[in-house]
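Visitor: Using UniProt numbering, the first residue of the sequence shown is number 1, and each one after it goes up by one. Where a beta carbon is used, it is the ideal one built from N, C-alpha and C, also for glycine. Sharing a structure here in structure tokens format.
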Amino acid sequence: MKVYNTLSAKKEDFVPREKDRIGIYVCGPTVYNYIHIGNARAYVSFDTIIRYLKYKGMKVKYVRNLTDVDDKIIKRAAEENTTTEAITDKYTKAFHRDMTALGVEEPTIEPKATEHIKEMVETIEQLIERDMAYVVDGDVYFSV
Numbered sequence: 001m002k003v004y005n006t007l008s009a010k011k012e013d014f015v016p017r018e019k020d021r022i023g024i025y026v027c028g029p030t031v032y033n034y035i036h037i038g039n040a041r042a043y044v045s046f047d048t049i050i051r052y053l054k055y056k057g058m059k060v061k062y063v064r065n066l067t068d069v070d071d072k073i074i075k076r077a078a079e080e081n082t083t084t085e086a087i088t089d090k091y092t093k094a095f096h097r098d099m100t101a102l103g104v105e106e107p108t109i110e111p112k113a114t115e116h117i118k119e120m121v122e123t124i125e126q127l128i129e130r131d132m133a134y135v136v137d138g139d140v141y142f143s144v
């Protein structure tokens, strides 16, 4: 299997660091609205890859986050005259129902963004220091 390596900017043979174990991180939804088919495509695609790796005998640690803090969430809460927690709970449940309906397996771990703000800031700072990300008008972009 070949994968695109963003560090080398090339397609390369997939070679796991450990013989029979792999970790996969997939960016999950920002839970302020229902997902659409375009959103679901990524989760179905990675579900297929994960199932293939498991079929090949790999132990897969699959992490898919939930973004539960965002301007869109704050705006939706104001529109619905409720709290951001109520919004994120409602749309997280809807997301899980949609994933079940599509037959997408649950991740091994599903952290919420609000539980890892400190780590995200540290990682972003490291990416900027290594010229792997850059800042424009206060926003940070990954260099690809």
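Does Glu80 come out as helix, strand or coil in the three-state DSSP assignment?
Guide: It is coil, neither helix nor strand.
Visitor: Looking only at DSSP bridge pairs, what is Asp13 linked to?
Guide: Looking at the DSSP assignment, Asp13 forms a beta bridge with Lys2.
Visitor: Which term fits Phe81, buried or exposed, when burial requires 16 or more other beta carbons within 10 angstroms of its beta carbon?
Guide: The question names Phe, yet the displayed sequence has Asn at residue 81. Exposed is the call here.
Visitor: Three or more C-beta pairs closer than 8 Å, one from the segment 59-72 and one from the segment 109-116: is that the case here?
Guide: Enough Cβ pairs lie closer than 8 Å, so yes.
Visitor: May I have the straight-line CA-CA distance separating Tyr52 from Ser45, to the nearest angstrom?
Guide: Rounded to whole angstroms, Tyr52 to Ser45 spans 11 Å at the Cα level.
Visitor: Return the chain-ordered list of same chain residues with a C-beta closer than 7 Å to the C-beta of Ala94, the five sequence neighbours on each side being excluded.
Guide: Correct list, in chain order: Tyr34.
Visitor: Thinking just about the alpha-carbon of each residue, which of Arg41, Val31, Val135 and Gly103 is nearest to the one in Glu85?
Guide: Nearest option by C-alpha distance: Val31.
Visitor: In or out: Gly103 buried (at least 16 other Cβ within 10 Å) or exposed?
Guide: It is exposed - the Cβ of Gly103 has fewer than 16 other Cβ atoms within 10 Å.
Visitor: Could you give the DSSP three-state label for Lys118: helix, strand or coil?
Guide: Of the three classes helix, strand and coil, the one that applies to Lys118 here is helix, per DSSP.
Visitor: Start and end of the alpha helix (DSSP H) containing Gly57?
Guide: Gly57 -> no alpha helix (DSSP H), and no H or E assigned at all.
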